[in-house]
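> Got a structure for you, questions after.
Residue numbers (the numbering used here): 300 to 689.
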């Protein structure tokens with residue numbers, strides 16, 4: 300679980316009190332200067348994050364040496380105002396804020412508070428804009444410059460930024476055992492890890508080695524050059540390792556790229572061959588389809604010719620059947636008429652006329668049947684012929 304906004308502000312307040320106590324208890328000028336810087340950085344971040352206007356006092360304090368007669372009164376006045384603010388904030392503001400926020404909202408505000416501290420300058424800038432939105436832009440530009448101006452160095456020739464050293468507990472010599480994160484060496488002495496100003500002022504350059512013997516000055520300079528040489532050597536080793544790693548990575552990527560290109564070319568060749576085979580198959584299918592269409596047309600013409608022959612033969616067969624039926628009908632009619640005349644010899648004079656009329660009617664009926672049979676099918680011939688025969 301993350302800390303709440305009250306816990307985040309409370310930790311800031313405790314650290315400010317700790318810095319103040321370290322300044323008051325400092326045995327020498329260097330220790331007091333170190334904790335003055337810590338107080339200035341912490342208070343600058345807290346003031347901007349908490350919207351507390353202490354820019355002018357901070358500007359004066361950071362430019363005063365701890366042995367200046369004005370330093371202690373200004374520090375007391377600043378801490379008096381700060382304690383009043385802390386007490387009011389802890390006893391009144393924060394309880395009301397915690398009541399208005401849920402647990403999740405309070406943790407979100409605390410995270411935002413910590414992020415704001417990370418992007419705020421660690422020194423006061425009186426000439427910087429103090430109106431929205433230019434103050435935010437100026438703060439974003441000043442913060443990395445302030446952080447780069449101060450670094451923590453160790454007697455093991457390692458250097459760390461202030462943010463990392465604060466997080467690792469290297470800045471506080473009274474916070475317990477300190478261990479160098481680079482070489483894991485125990486930093487027992489208070490001066491084994493100190494904050495160094497990388498861009499010192501001219502006054503600092505004048506006074507930092509003043510009063511020391513030439514031997515100590517040369518020893519300090521020699522150790523400083525040894526520190527720089529070690530850092531330069533480490534940087535060279537790191538850059539060589541980085542170059543080697545990048546070269547190996549480039550070679551690996553180049554080999555992978557060549558393999559990918561070769562595989563892609565092989566795949567392209569394979570696909571082209573398949574495409575060519577598909578085109579060939581398509582041409583064969585088109586040719587076969589053309590042959591099938593031609594054969595179908597020939598079959599259609601043959602079928603039409605066969606149909607015509609069939610119709611012609613059918614007509615001939617039907618005509619022969621009609622002739623046979625007509626002959627049989629006429630023969631039957633004649634036989635009937637002849638038999639009637641032999642039986643009816645003694646009939647009246649009108650009998651012949653009636654027989655003749657019957658024969659004429661029968662003959663006409665046969666002709667009518669014959670004419671109908673010519674226009675009908677073979678089934679119709681059988682049906683019409685079977686009537687009179689019955």
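The C-beta atom is built at its ideal place from N, Cα and C for all residues, glycine as well.
Only a predicted model underlies this, so the values are computations on that prediction, with no experimental measurement involved.
#1: Considering only their Cβ atoms, is the gap separating residue 333 from residue 507 smaller than 7 Å?
#2: Just to confirm, are residue 328 and residue 366 a CB contact at a threshold of 7 Å?
#3: If you compare alpha carbons, which of 516, 499, 467, 515 is closest to residue 492?
#4: What I want to know is whether the C-beta of residue 604 ends up closer than 6 Å to one or more non-hydrogen atoms of the ligand ATP.
#5: Write down every uninterrupted run of the beta strand (DSSP E) in the segment 472 to 512 whose length is 3 residues or greater and which is fully enclosed by it, in chain order.
#6: Quick one: Cα of residue 379 to Cα of residue 501, how far?
#7: For residue 411 versus residue 526, is the C-beta distance shorter than 7 Å?
#8: Quick one: residues in its chain with C-beta nearer than 6 Å to the C-beta of residue 691, no 5 flanking neighbours on either side, listed in chain order?
#9: Buried or exposed, going by whether 16 or more other CB atoms sit within 10 Å of the CB of residue 369?
#10: What residues in its chain sit with their C-beta under 6 Å from that of residue 319, if we drop five residues either side in the sequence?
#11: Do you know how far the Cα of residue 401 is from the Cα of residue 407?
#12: With a threshold of 16 other CB atoms inside 10 Å of the CB of residue 628, please say whether the residue is buried or exposed.
#13: Could you compute how far the alpha carbon of residue 453 sits from the alpha carbon of residue 382?
#14: Buried or exposed for residue 479, going by 16 or more other Cβ atoms inside 10 Å?
#15: Measuring CA to CA, which of 376, 588, 386 is closest to residue 312?
#16: Which value, in whole angstroms, describes the spacing of the CA atoms of residue 599 and residue 615?
#17: Rounding to the nearest angstrom, what Cα-Cα distance links residue 571 and residue 564 in this structure?
#18: Residue 451 by DSSP, collapsed to three states: which one?
#19: Buried or exposed: where does residue 395 fall if 16 or more other Cβ atoms within 10 Å of its Cβ makes it buried?
#20: Got a sec? Which residues, its chain only, sit under 6 Å from residue 529 by beta carbon, not counting five neighbours each side?
#21: Which residue's Cα is closest to the Cα of residue 481: 464, 510, 490?
#22: Looking at the strands, I want to know which residues DSSP matches up with residue 459.
#23: For residue 545, does the three-state DSSP call read helix, strand or coil?
#24: On the three-state DSSP scale, how would you describe residue 562?
#25: Quick check on residue 516: buried or exposed, where buried means 16 or more other Cβ atoms within 10 Å of its Cβ?
Quick answer:
#1: Taking 7 Å as the cut-off, the beta carbon of residue 507 is found no closer than this to the beta carbon of residue 333.
#2: yes
#3: 467
#4: Questions concerning the ligand ATP fall outside what the structure shown contains, since it holds no ligand whatsoever.
#5: 492 to 496
#6: 32 Å
#7: no
#8: Absent from the structure is residue 691, since the part of the chain shown begins at 300 and ends at 689.
#9: exposed
#10: 378
#11: 10 Å
#12: Residue 628 should be labelled buried.
#13: 33 Å
#14: buried
#15: 386
#16: 24 Å
#17: Distance between the alpha carbons of residue 571 and residue 564: 10 Å.
#18: For residue 451, the secondary structure class from DSSP, reduced to helix, strand or coil, is strand.
#19: exposed
#20: Contacts found: 456.
#21: 464
#22: The partner list for residue 459 (beta bridge, DSSP) reads 451.
#23: helix
#24: DSSP places residue 562 in helix when its eight states are reduced to three.
#25: exposed
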